[in-house]
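Asker: Read in order, the letters of the sequence shown correspond to residues 1 to 360 in our numbering.
Beta carbons: idealized from backbone N, C-alpha and C, even for Gly.
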Amino acid sequence: MKRKLRINGHSHLLPYPEEIPDFMQEKGIFWVDKDRKFMLQKDWSRPVTDSSFFLHEKLEWMDRYNIDHAVVLNLSQLYGNGLRVEEMKQALRFQNDFNARMQHENPSKFTCGFVVHPGFVRSACWEIERCVETHGMQLLCLPTHYMDTIGTWRCIFDEENEPIFELANKYNLAVEIHPYDGEKFIKLENTSWRFHLIWMLAQCADAYHFLTLNGYQEKYPNMRTCFAHGGQLAQINLGRRIQGFDGRPDLFEGKHHPRKAVGHKNIFFDTLVHDTGGLELLIKNQGSKQVIMGLDDPYPLGEMESSKQSSYPGKILDLAMKRKIINQTEYNAIWEDNVLQWLCGDDETAKQKLINRILS
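#1: Is it the case that the region 337-348 contacts the region 58-68, given that we only count it when at least three CB pairs across the two stretches are under 8 Å?
#2: Give me the residue from Val132, Pro179 and Phe185 with the minimum Cα distance to Leu173.
#3: May I ask you to report which of helix, strand or coil DSSP gives Ile355?
#4: Can you have a look at Asp270 and say buried or exposed, based on whether 16 or more other CB atoms are within 10 angstroms of its CB?
#5: What does the alpha-carbon distance come out to for the pair Ala228 and Ile198?
#6: How many angstroms separate the CA atom of Gln352 from the CA atom of Met304?
#7: Under the DSSP definition of a beta bridge, which residues are partnered with Arg154?
#8: Spatial neighbours of Phe363 within its chain, please: CB distance less than 6 Å, with the 5 preceding and 5 following residues excluded, ordered by chain position.
#9: Distance check for Thr212 and Gly263, CA to CA, integer angstroms please.
#10: For a test of the three-state rule: what should DSSP assign to Val115, helix, strand or coil?
#11: Pick helix, strand or coil for Ile177, following the three-state DSSP scheme.
#12: Is the region 84-102 in contact with the region 121-135, if contact means three or more CB pairs nearer than 8 Å?
#13: Could you have a look at Pro300 and say whether DSSP puts it in helix, strand or coil?
#14: Since Trp44 is in the alpha helix (DSSP H), which residue starts that stretch and which ends it?
#15: Distance, Cα to Cα, Gly9 vs Gly151?
#16: Hey, would you say Phe210 sits closer than 7 Å to Phe157, going by beta carbons?
#17: When you compare each of Gln90, Phe110, His104 and Lys109 to Ala124 by their alpha carbons, which one comes out closest?
#18: Could you name the residues of the same chain whose beta carbon sits closer than 6 Å to that of Trp31, not counting the 5 residues immediately before and after it, in chain order?
#19: If you check the beta carbons only, do Glu257 and Phe245 fall under 7 Å apart?
#20: On a Cα-Cα basis, can you pick out the residue from Ile29, Asp206 and Met223 that is closest to Asn237?
#21: When the Cα atoms are used, what is the spatial distance from His178 to Glu280?
#22: What is the DSSP secondary structure of Gly182, counted as helix, strand or coil?
#23: Report the residue from Asn356, Tyr220, Ile325 and His196 whose alpha carbon sits nearest the alpha carbon of Glu162.
#24: Pull the bridge partners of Phe110 from the DSSP assignment, please.
#25: Assign Ser364 to one of three DSSP states: helix, strand, or coil.
#26: Whose CA, out of Arg64, Tyr312, Ala320 and Leu251, lies closest to the CA of Asp275?
#27: Would the beta-carbon of Glu176 fall within 7 Å of that of Gly113?
#28: Taking the straight line between their C-alpha atoms, what separation do you get for Met223 and Arg323?
#29: Within its chain, find whatever has a CB closer than 6 Å to the CB of Gly231; leave out the 5 residues flanking it on each side and keep chain order.
#30: Of the choices Cys226, Asn214 and Asp297, whose alpha-carbon is the least far from that of Arg259?
#31: What span of residues does the alpha helix (DSSP H) with His104 cover, start to end?
#32: Quick one: using the 10 Å Cβ neighbour count with 16 as the cut-off for buried, is Leu92 buried or exposed?
#33: From the DSSP output, in three-state form, read off Thr225 for me.
#34: Mind checking which residues open and close the alpha helix (DSSP H) that includes Ser123?
#35: For Leu13, which three-state DSSP category applies?
#36: Helix, strand or coil for Gln309? Go by DSSP, reduced to three states.
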């Protein structure tokens, strides 16, 4: 019997300081200090909380926890919101070329995503074509919300972005939806980490709301969307959305009923909900086949080794097994089969190619 793979569907990688071009720091866009202690932007800094933010340390960390392969998303700081057009294009291109290089140089270890800015749809489509055709990348990373050209904040599943989803459908892409930048458009003081602990989950729920109302999971059958952090507030919010749709049909003319999307084969969620109660609700709502392993390493809100929480990568799934929330088959599928299904869809050749890449 072949060994089951352990694939982490939600990971991040920082470039080493010397890999980041000078213009990124000169323009205050993003950089890492030479001691690798902080990631920085103009008027913003955040500690580098674990050495596995960087390539060689990441590979050692994966080895230590028997993680065969990681899906590397873009860095949330590089969505490009509020940047001038040329700076935004350069910053995103740097991120995409860096991720492409990581995948090409470490094919057995990483599948890497690329990012576009939906405020500039034509440029976004060109960048999708470049990343797929030139770099062979298969994962499109999108923010839940973005700033358009006149400074208005919009949800990613705005109908203006349909050309992006048409291309994702054409290229059979996996799509990752990740929240960030809430403090730029939610008028609250940025205190007690509220944007990471509460509002990010609300941003995911908002994006899920519009994906499903627009019926994009049916309209673009070759595009498979995964929501970060278990789309956690979207799970507890289902009943309210259904009642709202039924109670005020005048507000939803031409829209799709929320029920139609529940458990849909093209909508995935990662396991990063931090407790088995949250995971159980996610699985009850959506079915275990729509759940993929997501560690969000090496961020402190990821599933990292922590003595305070007696935690380690993969703990929530081990606990779910112990508490009989899932069985061994479902456990294995969340670590491997479901991630492959999200990344490749029904393309069995692509799945086998990826498995071969990992095992090589």
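Answerer: This is what the structure gives:
#1: no
#2: For Leu173, the nearest C-alpha among the options comes from Val132.
#3: helix
#4: Looking at its Cβ environment, which holds 16 or more other Cβ atoms inside 10 Å, Asp270 is buried.
#5: 13 Å
#6: 30 Å
#7: DSSP, once it has assigned bridges, lists Tyr146 as partnering Arg154.
#8: Here the chain covers residues 1 to 360 and nothing more, so residue 363 does not appear.
#9: 11 Å
#10: Strand at Val115.
#11: strand
#12: yes
#13: coil
#14: Not the alpha helix (DSSP H): Trp44 falls in the beta strand (DSSP E), residues Trp44 to Pro47.
#15: 32 Å
#16: yes
#17: Gln90
#18: Ile20, Met24, Gln25 and Leu40
#19: A quick correction: the sequence has His, not Glu, at residue 257. Yes, the pair counts as a contact, with Cβ atoms nearer than the cut-off.
#20: Asp206
#21: 22 Å
#22: helix
#23: Tyr220
#24: Ala70
#25: Outside the displayed span of the chain (1 to 360) sits residue 364, for which this structure offers no information.
#26: Ala320
#27: A contact, by the Cβ cut-off of 7 Å.
#28: 33 Å
#29: Cys204, Tyr208 and Phe269
#30: Asn214
#31: Val85 to Glu105
#32: buried
#33: Look at Thr225 here: in three-state DSSP terms it is strand.
#34: Val121 to Glu133
#35: coil
#36: coil
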